[in-house]
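By the count of the working numbering, the sequence shown reaches residue 565 at its end, each step adding exactly one.
Here a beta-carbon is modelled for each residue, glycine too, at the ideal position from N, C-alpha and C.
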Amino acid sequence: MDSQGDRLRLSSEAPGAPGDIWNLLPQDFRKSVTDLSAERSRQIHDGIAGSKGDWRPLRPMVLDRGHYDELGRVSARLMHLVLEACRRRAGNAGELQDALGVPAEQTPLLDRSAPLEDGLLVAARPDVLYADGVPQFVEFNIDGALGGTLQADLLAERFRDLHRLAPGGERIHAPASAVDARFAAIRRSLALPEGARVAIPVFRQGAAPGLEDAAAFLGWLGPMCDSGRRHGMDTVACTMDQLTTGAADDLLLDGRRVDAVFRLFLAHDQPAGPGLDALVRAVRAGRVAVHTPETTWLLSDKTTMAWLWEDLPQLPEADRQLIARHLPWTALLPAGTEDEQADGVLREALARRTELVLKPVGGYGGSGVVLGPEVTDGQWRQALLHARREGRHVLQRHVLPDLLALDFADQRTGAVEHAEVPFVLGPFMFDGAPSGVLVRHGVPGGGPVLNAHHGAVMSTVLLADRC
Numbered sequence: 099m100d101s102q103g104d105r106l107r108l109s110s111e112a113p114g115a116p117g118d119i120w121n122l123l124p125q126d127f128r129k130s131v132t133d134l135s136a137e138r139s140r141q142i143h144d145g146i147a148g149s150k151g152d153w154r155p156l157r158p159m160v161l162d163r164g165h166y167d168e169l170g171r172v173s174a175r176l177m178h179l180v181l182e183a184c185r186r187r188a189g190n191a192g193e194l195q196d197a198l199g200v201p202a203e204q205t206p207l208l209d210r211s212a213p214l215e216d217g218l219l220v221a222a223r224p225d226v227l228y229a230d231g232v233p234q235f236v237e238f239n240i241d242g243a244l245g246g247t248l249q250a251d252l253l254a255e256r257f258r259d260l261h262r263l264a265p266g267g268e269r270i271h272a273p274a275s276a277v278d279a280r281f282a283a284i285r286r287s288l289a290l291p292e293g294a295r296v297a298i299p300v301f302r303q304g305a306a307p308g309l310e311d312a313a314a315f316l317g318w319l320g321p322m323c324d325s326g327r328r329h330g331m332d333t334v335a336c337t338m339d340q341l342t343t344g345a346a347d348d349l350l351l352d353g354r355r356v357d358a359v360f361r362l363f364l365a366h367d368q369p370a371g372p373g374l375d376a377l378v379r380a381v382r383a384g385r386v387a388v389h390t391p392e393t394t395w396l397l398s399d400k401t402t403m404a405w406l407w408e409d410l411p412q413l414p415e416a417d418r419q420l421i422a423r424h425l426p427w428t429a430l431l432p433a434g435t436e437d438e439q440a441d442g443v444l445r446e447a448l449a450r451r452t453e454l455v456l457k458p459v460g461g462y463g464g465s466g467v468v469l470g471p472e473v474t475d476g477q478w479r480q481a482l483l484h485a486r487r488e489g490r491h492v493l494q495r496h497v498l499p500d501l502l503a504l505d506f507a508d509q510r511t512g513a514v515e516h517a518e519v520p521f522v523l524g525p526f527m528f529d530g531a532p533s534g535v536l537v538r539h540g541v542p543g544g545g546p547v548l549n550a551h552h553g554a555v556m557s558t559v560l561l562a563d564r565c
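This is the structure we're talking about:
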């Protein structure tokens with residue numbers, strides 16, 4: 099191995115944070131990269147939507163390539179297990195909707211007759227915490243409406259280029275582009291011909307911080323449209339209300355027929371309008387393809403994780419071990435009586451506050467999540483009683499997360515501060531293979547909920563090969 103390669107050989111002695119091998123890289127290399135990053139922090143993070151506040155990390159996470167590949171394999175198997183749990187309870191999308199108790203008004207684009215086929219697993223991004231170095235899959239987003247691909251790609255490219263300014267940095271790599279993997283999956287999964295017209299409607303509800311303005315959102319989607327075109331599709335970003343319907347309920351954009359819609363949003367969350375109405379009519383008439391169909395959103399319902407634990411005795415031993423190791427215990431909190439003396443489930447949940455998290459089964463963005471260890475007994479009781487009244491909540495074993503040691507730069511002042519923060523990995527899975535990784539982590543003085551709307555910072559992953 100050449101001298102530069104020797105300089106980047108991973109140490110077997112330096113302690114690294116679980117999952118992150120930054121501290122296993124040579125000290126002089128880490129210092130060079132950190133100094134360069136402090137000088138160029140604004141350039142690295144400029145124009146990256148989705149992070150509030152002024153703190154930005156001076157480095158990404160660095161994963162061993164073998165660990166990254168294994169994380170992809172575990173993700174792919176758990177996705178299939180989720181789908182199989184759904185198939186044990188339903189033969190099509192409509193039966194699955196009924197089994198989950200999802201109200202019809204929350205699925206305006208759903209084809210209830212659609213089969214539960216393997217192709218539904220075309221796009222996913224699990225949320226992975228680490229506890230004592232073991233990946234813990236606390237949520238599964240099996241859907242096309244996955245944010246963060248462009249952020250992960252841009253940051254990985256910029257951090258990779260910065261690392262390569264330091265001697266030996268050529269052995270640090272960016273993962274495969276999540277954006278390109280996504281558009282390859284769109285074309286393959288929908289069997290779109292060369293030149294097919296694909297619309298990407300921007301949306302209002304659920305947009306990442308910095309993309310609330312439609313013009314800013316349209317500009318942000320430019321590189322995604324470029325990727326779609328590289329993959330042979332005429333890809334255009336538009337506002338929702340630019341969509342109309344024509345003869346036979348074809349979906350039109352600027353008077354031209356749209357072959358497919360890349361759905362980055364949840365339809366039921368969006369405000370009513372003529373564009374959304376046009377999309378619903380075209381989908382129900384079978385006149386436009388959608389990536390992904392709304393059936394995938396049903397697979398993301400956290401009830402499916404409770405089903406896996408419920409089904410554990412009937413699964414093969416290897417799958418039982420996989421679930422027990424990587425999927426925190428999850429169970430439905432049934433709607434019902436609020437009398438804890440008469441209700442064993444409620445009574446046990448009250449007694450185990452410090453061990454549990456309460457989550458709405460269909461929520462996203464951290465909305466409605468209550469961390470038992472972070473609230474008082476009284477607050478926990480009120481949250482449980484509210485969940486019992488509302489229904490559709492799960493209890494999940496609380497994962498005490500490993501922390502990630504990072505240096506942060508204040509984008510206003512340039513000040514640098516060191517902090518150990520919680521983090522969550524989101525490996526993008528398209529067509530069953532991993533690509534880029536979205537990392538969300540806390541900041542100095544931040545809170546425990548790791549979501550962009552709650553002050554978390556979006557970051558990414560680079561890969562290193564072990565010698």
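Own chain, CB closer than 7 Å to residue i, minus 5 neighbours either side, in chain order
i      : result
Ala440 : The pLDDT assigned to Ala440 is 45, lower than 50, so where the model puts this residue is not dependable, and the model offers no usable value.
Ala283 : Val220, Ala221, Phe528, Asp529
Ala485 : Leu431, Leu456, His491
Gly326 : Phe281, Val296, Thr333
Asp475 : Arg451
Ala272 : Ala254, Glu255, Arg258, Leu560
Leu397 : Val180, Leu181, Cys184, Leu218, Ile240
Own chain, CB closer than 8 Å to residue i, minus 5 neighbours either side, in chain order
i      : result
Arg450 : Gly470
Arg328 : Asp278, Phe281
Thr566 : No answer is possible for residue 566: it lies beyond the span of the chain, which begins at 99 and ends at 565.
Ala399 : Sequence check: residue 399 is Asp here, not Ala. For Asp399, where only same-chain residues beyond five positions count, the Cβ hits under 8 Å are Leu198, Val200, Val459, Gly460.
Ile270 : Leu106, Val160, Arg258, His261, Arg262, Leu560, Leu561, Ala562
Val514 : Ala136, Leu156, Asp505, Phe506, Ala507, Asp508
Distance between beta carbons of residue j and residue i, contact taken as under 8 Å
i      : j      : result
Gln368 : Leu374 : 6 Å
Leu523 : Val537 : 6 Å
Thr247 : Phe526 : 6 Å
Ala276 : Ser533 : 4 Å
Leu169 : Ala188 : 29 Å between Cβ atoms; not a contact.
Ala294 : Asp348 : Not confirmed; about 14 Å, so no contact.
Ala264 : Ser139 : Contact doesn't hold; Cβ gap of about 16 Å is too wide.
Ser173 : Pro224 : 5 Å
Ala433 : Gly512 : Ala433 to Gly512, Cβ: 52 Å. No contact.
Val555 : Arg154 : 7 Å
Arg379 : Met331 : Contact flag wrong, Cβ pair sits at about 23 Å.
Unbroken alpha helix (DSSP H) run spanning residue i, endpoints
i      : result
Glu408 : 401-408
Met322 : 320-328
Leu444 : 442-449
Ala297 : First-last for Ala297: 295-300, but that is the beta strand (DSSP E), not the alpha helix (DSSP H).
Ala276 : 276-288
Trp395 : 393-397
His491 : It is not in any alpha helix (DSSP H) - His491 instead sits in the beta strand (DSSP E) that spans 491-495.
Pro458 : Taken as a continuous stretch (DSSP letters only), Pro458 belongs to no alpha helix (DSSP H), being part of the beta strand (DSSP E) at 454-458.
Asp209 : First-last for Asp209: undefined, no H or E at that position.
Leu176 : 163-185
Val334 : Here Val334 belongs to no alpha helix (DSSP H); instead the beta strand (DSSP E) covers 332-337.
Leu377 : 372-382
Leu248 : 247-261
Leu420 : 415-424
Any non-hydrogen atom of the ligand FMN within 8 Å of residue i CB
i      : result
Val492 : As presented, the structure is devoid of all ligands, the ligand FMN included, so that no description of it is given.
Own chain, CB closer than 6 Å to residue i, minus 5 neighbours either side, in chain order
i      : result
Leu377 : Leu341
Met159 : Asp118, Val537, Val559
Thr394 : Leu218, Ile240, Asp241
Gly344 : Leu350
Terminal residues of the beta strand (DSSP E) in which residue i lies
i      : result
Gly534 : 531-539
His389 : 387-389
Thr132 : Unbroken run through Thr132 is the alpha helix (DSSP H), 125-143; no beta strand (DSSP E).
Leu561 : 559-562
Leu431 : 428-431
Ala272 : Run containing Ala272: none; DSSP gives neither H nor E here.
Val359 : 358-360
Thr343 : 341-343
Residue(s) in a DSSP beta bridge with residue i
i      : result
Phe528 : Ala221, Ala531
Asp508 : Trp153
Glu237 : Asp225
His484 : Looking at the DSSP assignment, His484 forms no beta bridge with any residue, so it has no partner.
Pro213 : Asn190
Val468 : Leu456
Arg355 : Leu350
Chain B contact for residue i (CB, 9 Å cutoff)
i      : result
Ser211 : This model lacks chain B altogether; it includes just one protein chain.
When the Cβ atoms of the stretch 302-320 are set against those of the stretch 131-150, are three or more pairs found closer than 8 Å?
-> In this structure the stretch 302-320 touches the stretch 131-150; the number of beta carbon pairs closer than 8 Å is three or more.
Does the pairing of the stretch 420-434 with the stretch 482-497 give three or more beta-carbon distances under 8 Å?
-> Output reads yes: the stretch 482-497 touches the stretch 420-434.
Examine the Cβ distances between the stretch 401-418 and the stretch 256-273 and report whether three or more of them are shorter than 8 Å.
-> No: fewer than three Cβ pairs fall under 8 Å.
Touching by the beta-carbon criterion (3+ pairs, under 8 Å), the stretch 137-146 and the stretch 197-212 | Cβ pair count under 8 Å is below three, so no.
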